[in-house]
Amino acid sequence: MLSVNKMKPIILISLALLALLVTACGQSAEKLNNEGNDKFAEEAYLEAISAYQSAQFENPELAEPYYNAANVLYRQGAYPEALTLMQEALRFAEDESLAESSFFNIGNTSYNSQEFESAIAAYSEALLLNPDDLDAKYNLELALQQLQQQQQEQEQEQEEQQDQEQSEENQDQSEENQEQNQSEDGQSEDQQQQDQEQSEENQEQGQDGQEQEQQEQEQQDSQQDQSNEGEQEQENQQGQGQGDQEQNQPDQPSQVPAPGQRMTEEQARQLLAAIAQDSETLQEKLGQIFVAPPIPPVQDW
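For the sequence shown, my numbering begins at 301 and goes up steadily by one.
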């Protein structure tokens, strides 16, 4: 069983085609293609490519030089360039054998470029032209397996990428939450500090209020003492005034006129002064002054 690394062999120009070439272009394209094949067999790939390119220049519609040049590039690992030339050979291929070989080699080139879907399509086309091509069947199965594995790897990579993105997102969210918690902790500490400062301020205000109340109480006590002192002083002044008034009051009549006698001028003045001070009623005073003389006892002669 052939692997995908084996290309369909170099194609020689047939005798029938040679007759056509002699008519159209002489023997130049056929000779150049054969020279390229000889250099390919000698593994002189640069000289082979040069000969094939010269043949393409001599006859641009001849498929074999494109096909053979693509095989050289495939051996050198230049898969994109080989694929381009193989497609040119397929475009100008006139028999099924060359077309089938071109599809097979396109499949190999796509496979080695890990373009498995293109390889599957090319192998399928080769099998349509030649259903008995066992190499095409084998390579088609390999391409299907590789495509399935590639899809699984891509899905796994996508899942890993999503997990990584989710992990990074969770990490970012965790860092954001941590920063937020730190910020909240800082705010909480600030709030506690503010509460402590407010408590100390309230305590100071309470102390100030107590001191103010104490000062007010002392002031009230001082005012009360002053008031009491004022009242006491006023009472003392009143008592002193009454004493002075009593002291200043005129003396009571030192002498009361005897019954039947008239008051002297001094006695009359004292009587009026006493009446003015309302110390005694006029009747009482007069009763003191004018006393009815007692009835003389009857003498027993």
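Using N, Cα and C, we set each Cβ at its ideal position, and we do this for glycine too.
- With fewer than 16 other Cβ atoms inside 10 Å of its own Cβ, Glu455 counts as exposed.
- Restricting attention to Asp463, Arg375, Ala389, the CA atom closest to the CA of Ala355 is found in Ala389.
- Listed in chain order, the non-local C-beta contacts of Glu381 below 6 Å within the same chain comprise Leu373, local neighbours out to five positions each way being set aside.
- Out of Ala378, Gly377, Gln376, Ser350, the CA that lies nearest to the CA of Pro365 is found in Ser350.
- CA-to-CA, the gap between Thr409 and Gln462 works out to about 33 Å.
- Taking all protein chains shown into account, Phe416 has 16 or more neighbouring C-beta atoms within 10 Å of its C-beta and is therefore buried.
- Collapsing the DSSP output to three states places Pro365 in a helix.
- Taking 8 Å as the cut-off, the beta carbon of Asn412 is found no closer than this to the beta carbon of Tyr438.
- Beyond the five residues adjoining it in sequence on each side, Ala426 comes within less than 7 Å, by CB distance, of Glu400, Phe403, Phe404, Gly407, Asp433, Ala436 in the same chain, given in chain order.
- Apart from sequence neighbours up to five positions away, the residues of its chain that approach Ala419 with a beta-carbon distance below 7 Å are Gly407, Ser410, Tyr411, Ala443, ordered along the chain.
- For Phe340 against Ala363, the beta-carbon gap comes to about 16 Å, at or over 8 Å, which does not count as contact.
- Straight-line spacing of the CA atoms in Gln519 and Ala568 works out to 57 Å.
- Taking the Cα positions, Ser467 is about 43 Å away from Tyr423.
- About 7 Å separates the beta carbons of Tyr352 and Asn333, which is inside the 8 Å limit, making them a contact pair.
- One thing to note: Leu385 has its Cβ within 8 Å of the Cβ of Ala369.
- Glu501 and Gln482 have their C-alpha atoms roughly 28 Å apart.
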